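S.K.:
Residue numbers (our numbering): 3 to 348.
(1) Does the stretch 268-277 come within contact of the stretch 318-338, defined as at least 3 CB pairs closer than 8 Å?
(2) Is the beta carbon of residue 64 closer than 8 Å to that of residue 95?
(3) Check whether the Cβ atoms of residue 180 and residue 244 lie closer than 8 Å to each other.
(4) Would residue 167 and residue 93 qualify as a contact pair, given that the criterion is a beta-carbon distance under 8 Å?
(5) Of the residues 137, 264, 219 and 10, which one's Cα is nearest the Cα of residue 176?
(6) Which residue or residues does DSSP assign as beta-bridge partners of residue 128?
(7) Just the Cα atoms here: how many angstroms apart are residue 253 and residue 81?
(8) Would you identify the three-state DSSP class for residue 105, choosing helix, strand or coil?
(9) Based on the DSSP secondary-structure assignment, which residues constitute the bridge partners of residue 318?
(10) Measure the alpha-carbon distance for residue 128 versus residue 227 and round it to whole angstroms.
(11) For residue 333, collect the residues of the same chain with a Cβ closer than 7 Å to its Cβ; drop the 5 residues on either side in sequence, then sort them by chain order.
(12) Check this for me: beta carbons of residue 318 and residue 85, under 8 Å apart or not?
(13) Can you name, in chain order, every residue of its own chain whose Cβ lies under 7 Å from the Cβ of residue 196, other than the five neighbours on each side?
(14) Spatial neighbours of residue 258 within its chain, please: C-beta separation below 8 Å, excluding the five flanking residues on both sides.
(15) My assumption, with CB atoms under 8 Å, is that residue 24 sits in contact with residue 303. Please give the rounded CB distance.
(16) Give the DSSP-derived three-state secondary structure of residue 10 in the structure shown.
(17) Since residue 331 contacts residue 199 with CB under 8 Å, what's their CB separation in whole angstroms?
(18) Ignoring anything shorter than 4 residues or poking outside the stretch 166-215, list the alpha helix (DSSP H) runs there in chain order.
(19) Using three-state DSSP, classify residue 226 as helix, strand or coil.
(20) Skipping 5 residues on each side, what residues in its chain have a beta carbon closer than 8 Å to that of residue 239?
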């Protein structure tokens, strides 16, 4: 943990990020684009870490009984939206006395988060090791989504506690049931993708109208390619991890080397012959994922550049090549089905 550096005011930092994302959206080469997104994600995480350490000095103590992590696109270093709030996970040790020592710091952090809605997601996930199941969503034990802990990256605090957090995740992946993840998250994203391929058969609003090449966001329920194209690939790739760990095909030492981004995870699995796809199919799926990230970043950056936020009555839209979009969605659906076969749901 290095010394604290001076920090640009939040509003100024956000404005500079929007400009940087606009530059990224103009990049045609997907590889150059994703490299730029990774740089922006890393810069954002560094800003958040510094912000936390400035406003909560206790985090500068290496032995503090608390670790703070981020998750989602921030954890994967795939942050495509300059306005997306950062989600925090607060992790305390199994020892009750040590966990109690962190309570004042946690209260301070909760106040800091509530006062900075332009930076942080309002709900903080809190986990006490050995007491809470780390593979559940936020603090709701019935919502099983181990991707959140898999994506988690340390921001500040005690690194040893964070290592124990990842070790507990591995143990849970080996021993717990994850059917809730399959039905509530994986299959739901695949259904959204399928609906977007054949929109005429669907009565509910959709975030993609492929025949027209239109992507839509209302800022809440509809977010372009996020919940169909991107989520179906993310969850499918992670499902392969969960299955192979359950079968003891990935050791805990190997698990510690799992890379943060989905593209890197595909490569990691392919190198170990754990992807049920040919090398060419893997490259195609990676290409479609990058296309989804580019489209999502374009849509979210357009939102960031507008004064009025989107709503169901006034959504923000972008246009893209309809034939290419339809082909991307259809091929992704086929590849995801093949990737997950023949044991989908087990």
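We treat Cβ as the ideally placed atom computed from N, Cα and C, and that holds for glycine. In this text the structure is predicted, and so the values were computed from the model without any measurement.
M.R.: Reading from the atomic positions:
(1) no
(2) no
(3) yes
(4) yes
(5) 137
(6) 92
(7) 29 Å
(8) helix
(9) 219
(10) 29 Å
(11) 286 and 290
(12) no
(13) 335
(14) 168
(15) 6 Å
(16) coil
(17) 5 Å
(18) 189-199
(19) coil
(20) 264, 267, 268, 271 and 341
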